[in-house]
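**Q**
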Amino acid sequence: MKVRSEIGDARRHVLYFEVADTGIGIAPRNKELIFNSFSQADTSTTRKYGGTGLGLTISKRLVELLGGKIWVESELGIGSHFHFTMQIEAADAQTVELGTIAPPEILFGIKVLVVDDNLTNRRILEGMLKRWDMKPTSVDGGEEALAELSAAYQAQDRFGLILLDMHMPMMDGFTLAERIRDTPELSTAIVVMLTSAGHRGDAARCRELGISAYLLKPIRQSELRESIARVLGAGEQKGAIPLVTRYSLHDAREPGAVLRVLLAEDNVVNQRLMVRLLEKRGHRVVVAANGREALQEIAKESFDLILMDVQMPEMDGLAATTALRKKEKESGNRDRQSVIALTAYAMKGDYEKCMEAGMDGYLTKPIRPQELDEVLKNCLARKTETAEVVQDTATRSD
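The sequence shown begins at 344 in my numbering and counts up by one.
#1: Excluding the 5 residues flanking V457 on each side, which residues of the same chain have their C-beta closer than 6 Å to its C-beta?
#2: Could you pull the start and end residues of the beta strand (DSSP E) that M698 belongs to?
#3: If the criterion is Cβ atoms closer than 8 Å, does the pair K726 and L606 meet it?
#4: For a test of the three-state rule: what should DSSP assign to Q639, helix, strand or coil?
#5: DSSP three-state call for A532: helix, strand or coil?
#6: Specify the secondary structure class of Q713 as computed by DSSP and reduced to three states.
#7: Among E491, L650, E636, R627, which has the Cα closest to the Cα of S591?
#8: If you run the structure through DSSP and keep just helix, strand and coil, what is P561?
#9: How close, in whole Å, do the beta carbons of L667 and I641 come, if the pair is a contact with beta carbons under 8 Å?
#10: Could you tell me the boundaries of the alpha helix (DSSP H) in which S493 lies?
#11: If you follow the beta strand (DSSP E) that E418 is in, where does it begin and where does it stop?
#12: Please determine, among D460, K454, E695, C697, the residue with the shortest C-alpha to C-alpha distance to M511.
#13: Put K708 into one of helix, strand or coil per three-state DSSP.
#14: I need the straight-line Cα distance from L616 to T686, nearest angstrom please.
#15: Using alpha carbons as the reference points, say which of R711, K560, L719 lies closest to T538.
#16: Tell me the rounded alpha-carbon separation between A662 and G701.
#17: Give the C-beta separation of S565 and V587 to the nearest angstrom, bearing in mind that I take them to be a contact with Cβ-Cβ under 8 Å.
#18: So, is A363 buried or exposed, given that buried needs 16 or more other C-beta atoms within 10 angstroms?
#19: Assign D609 to one of three DSSP states: helix, strand, or coil.
#20: Starting from T686, trace the beta strand (DSSP E) in both directions and tell me its first and last residue.
#21: Would DSSP call D678 helix, strand or coil?
#22: Return the CA-CA distance between V346 and V455, expressed in angstroms with no decimal places.
#23: List the whole-angstrom C-beta distance separating F451 from D476, where the pair is believed to meet the contact cut-off of C-beta under 8 Å.
#24: Opposite P479 in the DSSP bridges: which residues?
#25: Pick helix, strand or coil for L506, following the three-state DSSP scheme.
#26: Just to confirm my understanding: we take E416, look at its own chain, exclude 5 residues before and 5 after, and list those with CB closer than 6 Å. What are they?
#27: What residues match up with M344 in a beta bridge as DSSP calls it?
#28: Quick check on the burial criterion: 16 or more other C-beta atoms within 10 angstroms. Buried or exposed for E569?
#29: Could you pull out every residue in the same chain whose Cβ sits closer than 7 Å to the Cβ of L638, ignoring the five residues on either side in sequence?
#30: Tell me whether D500 is buried or exposed, calling it buried when 16 or more other Cβ atoms sit within 10 Å of its Cβ.
#31: Determine whether the beta carbon atoms of L292 and Q430 lie at a separation below 8 Å.
#32: Could you give the distance in angstroms between the alpha-carbon of E361 and the alpha-carbon of I369?
#33: Which residue's Cα is closest to the Cα of Q614: G625, D647, M651?
#34: Mapping the DSSP letters down to three states, classify L537 as helix, strand or coil.
#35: Anyone know if the C-beta pair for I453 and L376 falls short of 8 Å?
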């Protein structure tokens, strides 16, 4: 990929991007078609290449929202060059209030060891830490980290904090954390684990190894700063300190503004996108791969919001919602769970089918963030109203 600044002035810049591949290429007649929803260059039922036909549509919409344009140059049998531009405006310098988790001086001068095999990630973390007047040192692997920790111990200038990537070659984050824990002279630093993909059991493993925080990438600057402030500030407290996670941060700040969301979606890419969108807004997400799994999750617990894909294997979203409404009616459950349909096919009659199945709303793919925000806003309003009614009833009964 190539990136360059095409035009620029004091306030506005136009960035030009070029992405090249050496694939099968695209026929001239299909160069415009591939940017339309559900369209592909190869339309045969036995095609070897291709997905849902939404990727380039989403890309085009994003580029246009950023004031740019997108186009492709391609030759069959040789490959393709995708080009796009976007307009960006220089930001004014602002003072960001990061909260009162801990006074700013708690970060000042703390030595931090950053362990990550990705150069870009190391540079980003170094930049953040330096802005907070911390003293970062970066290494790209476990053996190098152990050497730095040992050297710091010998020099009697130990690290106060370790930011540790979980997924690294040769020695992963958990293995390195275990090595540090088992070496008393190295185990004095507070450890924060960063990961791009969380797995069941990771939190328990973190507690076992004495890791203080477990955070998902990409991590926002404010979220990392708050986490560090919490774990450093907790060092002076007595007793066991709970593991800091993205969820615990949101719970500590705004407990009433966190929704418990069930996402029923069979496409892995769509799952990841929706989870990112929801978690970025501070909500907790449980994922089910089809309608049958969704009903199993609903049987375990109640959700503030259910996002239900219409087309799924084994049991589709319409059938799952119909079964949910039937069960709610039979059990006399007055707490009707909110179900919003997710569908890539905004065809005539689809909305009516969703409503007949008992759904409460309708979102079309690709998901528009502003439309999702409106659904979340309404759901939060209902949750707050319900909580107030419950509290008022309890007060009157007292």
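Beta carbons: idealized from backbone N, C-alpha and C, even for Gly.
**A** Quick answer:
#1: Cβ within range, chain order: R465, L468, P479, S481, L506.
#2: Premise fails: M698 lies in the alpha helix (DSSP H), 693 to 700, not in any beta strand (DSSP E).
#3: Their beta carbons are not under 8 Å apart, which means K726 does not touch L606 by this criterion.
#4: helix
#5: coil
#6: In the structure shown, Q713 sits in a helix (DSSP, three-state: H, G or I).
#7: R627
#8: Look at P561 here: in three-state DSSP terms it is coil, with no helix or strand label.
#9: 6 Å
#10: Bounds of the alpha helix (DSSP H) holding S493 are 485 to 497.
#11: Segment 413 to 418, the beta strand (DSSP E) holding E418.
#12: Of the listed residues, the one whose Cα sits closest to M511 is D460.
#13: coil
#14: 15 Å
#15: K560
#16: 10 Å
#17: Incorrect: roughly 14 Å between the Cβ atoms, too far for contact.
#18: exposed
#19: The answer is coil: DSSP assigns D609 none of H, G, I, E or B.
#20: 682 to 686
#21: coil
#22: 32 Å
#23: 5 Å
#24: V455
#25: In the three-state reduction of the DSSP assignment, L506 falls in the strand class.
#26: Counting only Cβ-Cβ distances below 6 Å, and skipping sequence neighbours, we find H424.
#27: According to DSSP, M344 bridges with nothing at all.
#28: Buried is the call here.
#29: A663, A666, L667
#30: exposed
#31: There is no way to answer for residue 292, as the model of the chain reaches only from 344 to 741.
#32: Each residue's Cα considered, the two are about 16 Å apart.
#33: M651
#34: strand
#35: no
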